[in-house]
Amino acid sequence: MGSASFHHTPVLPSEVLAALSPQADGHYLDCTVGGGGHSRLILAAGGYLTAIDRDGTALAAAQETLAPWGDHVAFWQGNFAHFQPPPDTRYDGVLADLGVSSPQLDQPHRGFSFRDDGDLDMRMDRDQDFTAADVVNTYAEADLADVLFTYGEERYARRIAKAIGRSRPFSSTKDLADTITHAVPPAYRYGRIHPATRTFQALRIVVNQELDSLSEWLTRVPHWLKPHGVVVVISFHSLEDRLVKNAFRNDPRLEVVTKKPLTATPEEQQCNPRSRSAKLRVARYAATASSSAQVL
Ligand SMILES: C[S@@+](CC[C@H](N)C(=O)[O-])C[C@H]1O[C@@H](n2cnc3c(N)ncnc32)[C@H](O)[C@@H]1O
Numbered sequence: 010m011g012s013a014s015f016h017h018t019p020v021l022p023s024e025v026l027a028a029l030s031p032q033a034d035g036h037y038l039d040c041t042v043g044g045g046g047h048s049r050l051i052l053a054a055g056g057y058l059t060a061i062d063r064d065g066t067a068l069a070a071a072q073e074t075l076a077p078w079g080d081h082v083a084f085w086q087g088n089f090a091h092f093q094p095p096p097d098t099r100y101d102g103v104l105a106d107l108g109v110s111s112p113q114l115d116q117p118h119r120g121f122s123f124r125d126d127g128d129l130d131m132r133m134d135r136d137q138d139f140t141a142a143d144v145v146n147t148y149a150e151a152d153l154a155d156v157l158f159t160y161g162e163e164r165y166a167r168r169i170a171k172a173i174g175r176s177r178p179f180s181s182t183k184d185l186a187d188t189i190t191h192a193v194p195p196a197y198r199y200g201r202i203h204p205a206t207r208t209f210q211a212l213r214i215v216v217n218q219e220l221d222s223l224s225e226w227l228t229r230v231p232h233w234l235k236p237h238g239v240v241v242v243i244s245f246h247s248l249e250d251r252l253v254k255n256a257f258r259n260d261p262r263l264e265v266v267t268k269k270p271l272t273a274t275p276e277e278q279q280c281n282p283r284s285r286s287a288k289l290r291v292a293r294y295a296a297t298a299s300s301s302a303q304v305l
């Protein structure tokens with residue numbers, strides 16, 4: 010997939026730039042390069058950038074998009090929780106814009122979306138074996154209900170898990186979404202969000218171990234920052250935001266910059282509906298923190 014068809018509108022662009030304040034001699038780390046939207050803005054403002062994504066298709070598209078910046082940009086494919094900065098490298102700013110990108114959602118064969126029919130896949134990293142079909146078809150009903158309740162905050166978790174148990178195996182996103190739609194009460198079925206939204210979120214989190222990766226990353230990222238370097242995180246649901254808020258608050262190496270998360274303006278929300286649930290938090294590496302010599 011070429012970069013032209015891999016378009017993702019970056020959320021909270023001016024807030025990200027204001028927080029990172031890129032300098033010509035600065036070095037920045039974009040842990041979730043996706044369509045390269047934020048990375049482009051950072052590079053256009055100046056400096057050097059290392060771009061990470063665990064999705065090989067996204068990274069290939071970002072390599073094309075960011076090619077004009079030549080040797081100002083380097084790439085690394087993998088889970089950001091497992092990244093190791095090169096020896097003696099620290100960053101002036103680190104960004105993570107969590108979750109999935111628009112192109113991932115828009116490609117039915119990736120299986121992230123219930124809007125079109127596709128395989129029940131949902132892997133960001135397609136070298137991984139474990140897919141959403143494995144969760145849906147092999148988990149005990151009670152475990153499936155726990156997953157939907159915990160990671161989807163789905164109040165009809167038990168009903169949905171039961172309906173899935175009765176009708177599996179599933180291989181298609183559409184069949185799963187239809188079963189969920191019929192399992193929930195009519196008021197929920199025709200409510201504000203599609204009744205499969207929370208179930209799909211929960212499956213995606215489990216398949217990609219998103220919260221474990223985020224927790225691990227949050228313990229490591231302060232070691233990657235220069236004194237006064239900033240870490241910027243954009244999250245899209247309360248489970249992620251809670252982890253970020255608590256990690257920033259409780260880590261003695263960090264000073265919280267945003268007491269309350271920044272959110273999109275009404276204008277941005279109008280132009281980019283994805284921004285409606287975005288929350289941006291910023292923390293700064295405390296210059297007095299003693300562990301700056303150690304890179305984890
Ligand atoms: C919301 S998109 C980022 C969009 C990007 N900021 C832009 O403006 O184009 C999130 C990206 O992060 C990647 N991703 C999510 N979790 C990851 C992880 N643990 N490690 C590396 N990449 C991850 C996804 O594959 C996806 O491409």
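Here my numbering is used: the first residue of the sequence shown is 10, the next is one more, and so on. Backbone N, C-alpha and C fix where the C-beta goes; we use that ideal spot for every residue, glycine too.
Asked: So, helix, strand or coil for aspartate 97, using DSSP?; Found: coil
Asked: In terms of alpha-carbon separation, which member of Asn88, Gly120, Gly65, Gln32 lies closest to leucine 223?; Found: Asn88
Asked: For lysine 235 and arginine 99, which I take to be in contact (beta-carbon distance under 8 Å), what is that distance rounded to the nearest angstrom?; Found: 4 Å
Asked: For the candidate residues Asp115, Asp80, Thr41, whose alpha-carbon lies nearest to that of glycine 55?; Found: Asp80
Asked: Say the cut is 8 Å; is the CB of methionine 133 nearer than that to a heavy atom of ligand 1?; Found: yes
Asked: Glycine 161: which of Tyr199, Ser23, His203 sits nearest, CA to CA?; Found: His203
Asked: Quick check on the burial criterion: 16 or more other C-beta atoms within 10 angstroms. Buried or exposed for glutamine 303?; Found: Confidence at glutamine 303 is low in this model, with a pLDDT of 45, below 50, so the placement of that residue should be treated as unreliable; the coordinate-derived value is given next. Looking at its Cβ environment, which holds fewer than 16 other Cβ atoms inside 10 Å, glutamine 303 is exposed.
Asked: Decide if the segment 191–202 is in contact with the segment 126–136; the criterion is three or more beta carbon pairs, one per stretch, under 8 Å apart.; Found: no
Asked: To the nearest whole angstrom, what separates the beta carbons of histidine 17 and glycine 43, a pair I think is in contact under 8 Å?; Found: 5 Å
Asked: What is the DSSP secondary structure of proline 19, counted as helix, strand or coil?; Found: coil
Asked: Under 8 Å by Cβ, that's how I've got leucine 271 and tyrosine 294 pegged, so tell me the actual separation to the nearest angstrom.; Found: No, leucine 271 and tyrosine 294 are not in contact; Cβ-Cβ is about 19 Å, not under 8 Å.
Asked: Which residues in the same chain as alanine 192 place their Cβ atom closer than 6 Å to its Cβ, once the five residues preceding and following it in sequence are excluded?; Found: Arg168, Ile169, Ala172
Asked: Is the beta carbon of aspartate 250 closer than 9 Å to that of alanine 292?; Found: no
Asked: Taking the runs of the alpha helix (DSSP H) that are 4 residues or longer, which of them lie wholly in the segment 221–282?; Found: 247–259, 275–280
Asked: Helix, strand or coil for alanine 53? Go by DSSP, reduced to three states.; Found: helix
Asked: How would you write the range of the alpha helix (DSSP H) that tyrosine 160 sits in, first residue to last?; Found: 150–161
Asked: Which of the three DSSP states is assigned to phenylalanine 123 in this structure?; Found: coil
Asked: Terminal residues of the continuous alpha helix (DSSP H) containing alanine 142?; Found: 141–147
Asked: Run the proximity test for proline 19: is its beta-carbon closer than 8 Å to any non-hydrogen atom belonging to ligand 1?; Found: yes
Asked: How is the alpha helix (DSSP H) around valine 215 delimited, first residue to last?; Found: 206–216
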